[in-house]
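Enquirer: Read in numbering that gives the first Met the number 0, the sequence shown has 142 at position 143, and its numbers run on one by one without any break.
We put the CB at the ideal spot given by N, CA and C, even for glycine.
Keep in mind it's a predicted model, so treat the numbers as computed, not measured.
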Amino acid sequence: MNSTFLSDHLKLIATDQIKSFFDFYKAINWREPWLSGLLIFHFLTFVTVILTRKHLNIQAFLFLCLLSVVLASEKLNALGEKHWRWFSKEQYFDSHGLFITAVLSGPIMINCFIMMVVWLWTAGKMLIVVGRGRIKEKRKQMAETAEDKKKEN
Numbered sequence: 000m001n002s003t004f005l006s007d008h009l010k011l012i013a014t015d016q017i018k019s020f021f022d023f024y025k026a027i028n029w030r031e032p033w034l035s036g037l038l039i040f041h042f043l044t045f046v047t048v049i050l051t052r053k054h055l056n057i058q059a060f061l062f063l064c065l066l067s068v069v070l071a072s073e074k075l076n077a078l079g080e081k082h083w084r085w086f087s088k089e090q091y092f093d094s095h096g097l098f099i100t101a102v103l104s105g106p107i108m109i110n111c112f113i114m115m116v117v118w119l120w121t122a123g124k125m126l127i128v129v130g131r132g133r134i135k136e137k138r139k140q141m142a143e144t145a146e147d148k149k150k151e152n
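1) For the region 40 to 48 against the region 57 to 66, are there 3 or more C-beta pairs whose distance is under 8 Å?
2) Alpha carbon to alpha carbon, how far is Val-102 from Asn-56? Give it in angstroms, no decimals.
3) Would you grab the beta carbon distance between Val-117 and Arg-52 for me? Rounded to a whole angstrom, and I think it's under 8 Å.
4) Assuming contact is defined by CB atoms lying nearer than 8 Å, are Asn-110 and Gly-96 in contact in what I supplied?
5) With a threshold of 16 other CB atoms inside 10 Å of the CB of Gly-79, please say whether the residue is buried or exposed.
6) When we look at the beta-carbon of Phe-86 and count the other beta-carbons within 10 Å, is it buried (16 or more) or exposed?
7) In the DSSP assignment, the alpha helix (DSSP H) including Ile-127 goes from what residue to what residue?
8) When the Cα atoms are used, what is the spatial distance from Phe-21 to Trp-120?
9) At which residues does the alpha helix (DSSP H) containing Thr-44 begin and terminate?
10) By Cβ distance below 7 Å, which residues in the same chain neighbour Phe-90 in space, the five residues on each side in sequence not counted?
11) Check Ser-19 in the structure and name its three-state DSSP category.
12) Extract the residue ranges of the alpha helix (DSSP H) inside the region 61 to 105, only unbroken runs of 4 or more that lie entirely within it.
13) For Lys-179, does the three-state DSSP call read helix, strand or coil?
14) Determine the DSSP secondary structure at Ala-26, reduced to helix, strand or coil.
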């Protein structure tokens, strides 16, 4: 079975004719309210990820929530496929999950990746601070040991 998408010009586009993500995204009617809401959700999620980069507990909670949405995306796709007429003018949901992956799961995974990079950066900075602290402590101990030896002599 060949899945199709409708563009703004109401021309059917078969998914095997879509050669790139740009073509795929171009075939989507982004003026639909629920898709606009989804774009706003992704933008707000990105802003939240950036603003909470120093609050690891908040980011951990957000990370788990976002991954839960990705985990549920298969079921969301099945629901969208059944009930698309309630909220959409066009049927976007295919059995392979290409649409839900491209417009929901993909951007969420990018935000999760950004969070992981921030966490690794923070962990690297912490390792540097701890390493410098250890070096200072060793220097202090060596200086004290050298002073004790001088006092003994």
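Expert: So, from the data block:
1) yes
2) Taking the first residue of the sequence shown as 1, we reach residue 56 at position 57. Taking the first residue of the sequence shown as 1, we reach residue 102 at position 103. Whole-angstrom Cα-Cα distance: 27 Å.
3) For this step, residue 117 is matched to residue 118 along the sequence shown. For this step, residue 52 is matched to residue 53 along the sequence shown. Arg-52 and Val-117 do touch by the CB rule: their CB atoms are close to 5 Å apart, below 8 Å.
4) Position 111 of the sequence shown, counted from the start, is the residue given in the question as residue 110. Position 97 of the sequence shown, counted from the start, is the residue given in the question as residue 96. Cβ atoms of Asn-110 and Gly-96: not closer than 8 Å.
5) Mapped onto the sequence shown, residue 79 falls at position 80. Its Cβ being crowded by 16 or more others within 10 Å, Gly-79 is buried.
6) Against the sequence shown, residue 86 aligns to sequence position 87. Phe-86 comes out exposed.
7) For this step, residue 127 is matched to residue 128 along the sequence shown. Its alpha helix (DSSP H) spans residues 105 to 151.
8) For the purposes of this step, residue 21 is taken as residue 22 along the sequence shown, with counting starting at 1. For the purposes of this step, residue 120 is taken as residue 121 along the sequence shown, with counting starting at 1. Cα to Cα, the separation comes out at about 31 Å.
9) Locating residue 44 in the sequence shown gives position 45, where the first residue counts as 1. Thr-44: member of the alpha helix (DSSP H) spanning 32 to 50, first to last residue.
10) Stepping through the sequence shown from its first residue, residue 90 is reached at position 91. According to the sequence shown, residue 90 is Gln rather than Phe. Excluding sequence neighbours, Gln-90 sits near Trp-83.
11) Residue 19 sits at position 20 when you count from the first residue of the sequence shown. It is coil, neither helix nor strand.
12) 72 to 82
13) Nothing in the structure corresponds to residue 179, since the chain is present only between 0 and 152.
14) Taking the sequence shown and counting its residues from 1, one reaches residue 26 at position 27. Of the three classes helix, strand and coil, the one that applies to Ala-26 here is coil, per DSSP.
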